[in-house]
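The structure appears right after this line, and notes come after that.
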Ligand SMILES: [Zn+2]
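Residue numbers (the numbering used here): 304 to 927.
Here it is, written out as structure tokens:
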């Protein structure tokens, strides 16, 4: 059976190359129409693809290599004149790509057009070929999935064209979750063309309807920032070389070569198996539990029918499970107040044991207990820490930088673990946990207040559905051991977590056109492409000095991002946003009056920086 599937794949590839080679042969008599492998400045733009092609062609079509220079010289002819100029690097958002994919919002023109998307996908294919040094016996395979956004289909088609145009195989999964896409690089199942060599998720997580973007995976995990920059650099070159003919050729090829698979069936059955196994191989370990799901019309609706119900749970009262890219009910985001209110209401109205909520692409999640208590942000971290520390006593929990002091006390004093508070950004947190393990400090959980959480046992994949599976395991095992039903077992696990009486996040914007910014930066350095960063750093340095002179304030001895300071029974963190001219300020205190005292300290220190817009801070300080 396995051998047969391999043959099928090989045959597809032979046929595919024959078609490409035939195309080139045809083109040899009409050189000006040869644009499959565009040239730049005498060098192939798709270096990875070209080397793979040459390798495979030399195996299957040995005569082709000799003719290549003739075809490729012809490819320098006409780029598509109608394509807009695009600053590809502006599409980078940390380790993701994000842009505007549909019109309808004033001042937000489309940046993720179909040709831009096709160029990015082709660039990923080239990057992947370079990384994988493609095996000549088969083409590389890339899976593509998407969330519920209205631009999903259009972008999926464009991504497919970019990948197939590069000579790689495409398997479309349709509506999928981000973690499922990563999973497809590890699944061993030839019937579903797995494992794939690379995976692309088309999503902009919780952002508004007009946005979209891409996340990329190999079996080593999600791509990091340098890889994304590399891909965008390659995409800019590929884009410049597009011609009308190359674009229409790629359309034709994609329609012939794209395969489809219902991979979510594989992924969800893995989740079901994980819960059954943890419960001692009981077929329906959640029998009788009433669990409501709120997918916010994102991609997470599968969790009710494909995970909870096979495990025996009752899911009536679940809401917004149907995908709808206009998100008519609430933003699918477990950090959003309205979203949490909606799932809480559903839990109480249905007298459910537990509520589960996902973000649009299901890499983030949160829960609500039967009393309506929200288990998100610091509470979700505390809960997951309690579960993981039961399994791995003493382990280090890596979190983002805005976690509360009470969480540290809870993890270290009550649970006996170690809290390593790192930086914002799920990739930063996950990479830090991996690094700690590599240098001999055991860590099993990396989790952000945003609801991104990754476990070592799950290949450091940040999977909102898997986090919820860990909660379900706990429910099932507690009942099996006679510790009652319902979500009380979860609520009990976070007992003793001290929570701030007051918490706020204020975003202080840097006005990049203000003369103070320009004047000050001239003094610091004349050449800086992102002067707001230097200005922001100057603000932080000044605040640091201010704190040192105030005996009521103590700077955190270990800190990896911005300036974190304790005082008045609470703390504040001022940090510089990674991408935007903004300094987010988080303040937590036992009361709002304490938080205001911390706010006043910050306001007094930063008033010497007129390019920093402190109006929200001033309002907070005065409004109390
Ligand atoms: Zn997400």
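Virtual Cβ for every residue (Gly too), placed ideally from N, Cα, C.
- For residue 435, the shortest C-beta to heavy atom distance toward ligand 1 is 7 Å or greater.
- Contact between the stretch 663 to 682 and the stretch 458 to 478 is absent: fewer than three C-beta pairs spanning the two stretches fall below 8 Å.
- Three or more pairs of CB atoms, one per stretch, sit closer than 8 Å, so the stretch 846 to 857 contacts the stretch 867 to 874.
- Fully enclosed alpha helix (DSSP H) runs of no fewer than 4 residues occupy 566 to 581 of the stretch 564 to 615, in order along the chain.
- Residue 752 has its CB no nearer than 7 Å to any heavy atom of ligand 1.
- Annotation: residue 808 is outside any alpha helix (DSSP H); the continuous beta strand (DSSP E) that includes it extends over 805 to 813.
- Our two residues, residue 474 and residue 483, have alpha carbons roughly 13 Å apart in a direct line.
- By the CB criterion at 8 Å, residue 688 and residue 719 fall outside the cutoff.
- In chain order, 914 place their CB closer than 6 Å to the CB of residue 817, counting only its own chain and leaving out the 5 sequence neighbours on each side.
- Residue 614 sits close to residue 587, with the two beta carbons spaced by under 8 Å.
- With a threshold of 7 Å, the Cβ atom of residue 662 counts as near ligand 1, since some heavy atom of the ligand is closer than that.
- Under the DSSP assignment, residue 399 falls in the beta strand (DSSP E) whose first and last residues are 399 to 403.
- In this structure the stretch 888 to 903 touches the stretch 798 to 818; the number of beta carbon pairs closer than 8 Å is three or more.
- Comparing alpha-carbon positions, the option among 924, 399, 664 lying closest to residue 527 turns out to be 399.
- Nearest Cα to residue 911 within the set 454, 844, 898, 582: 844.
- Between ligand 1 and residue 508, a heavy atom-to-CB distance of less than 7 Å is present.
- In the three-state scheme derived from DSSP, where H, G and I count as helix and E and B as strand, residue 694 is classed as helix.
- Cα atoms of residue 759 and residue 699: separation of roughly 12 Å, rounded to the nearest angstrom.
- Sorting 879, 753, 388, 839 by C-alpha distance to the C-alpha of residue 543 places 388 at the top.
- Residue side-chain check: residue 667 places its Cβ nearer than 7 Å to a non-hydrogen atom of ligand 1.
- Collapsing the DSSP output to three states places residue 757 in a strand.
- If the five residues before and after residue 518 are omitted, its C-beta is found closer than 7 Å to the C-beta atoms of 399, 481, 504, 506, 525, all from its own chain and listed in chain order.
- Counting along the chain, no beta strand (DSSP E) covers residue 533; the unbroken alpha helix (DSSP H) around it starts and ends at 528 to 543.
- One alpha carbon belongs to residue 784, the other to residue 607, and they sit about 25 Å apart.
- Shortest gap from the CB of residue 490 to any heavy atom of ligand 1: 7 Å or more.
- Burial of residue 691 is indicated by the presence of at least 16 other C-beta atoms within 10 angstroms of its C-beta.
- A distance below 8 Å separates the beta carbons of residue 685 and residue 797.
- For the 8 Å CB-CB criterion, residue 458 and residue 404 form a contact.
- Beta-carbon to beta-carbon, residue 866 and residue 883 are separated by about 18 Å, too far to satisfy the 8 Å threshold.
- Secondary structure note for residue 476: its beta strand (DSSP E) is the uninterrupted segment 472 to 478.
- Secondary-structure assignment with DSSP links residue 518 through a beta bridge to 504.
- Using a cutoff of 7 Å, the CB of residue 698 does not count as near ligand 1, since none of the ligand's heavy atoms is closer than that.
- Note on geometry: alpha-carbon atoms of residue 401 and residue 515 lie some 6 Å from one another.
- Taking 3 residues as the shortest admissible run, the stretch 652 to 702 contains the following complete beta strand (DSSP E) segments, listed from N- to C-terminal end: 657 to 661, 668 to 672, 699 to 702.
- Closest option to residue 657, judged by alpha-carbon separation, among 637, 593, 599: 593.
- Leaving aside the five residues that flank residue 562 on each side, the residues in its chain whose CB is nearer than 6 Å to its CB run, in chain order, 474.
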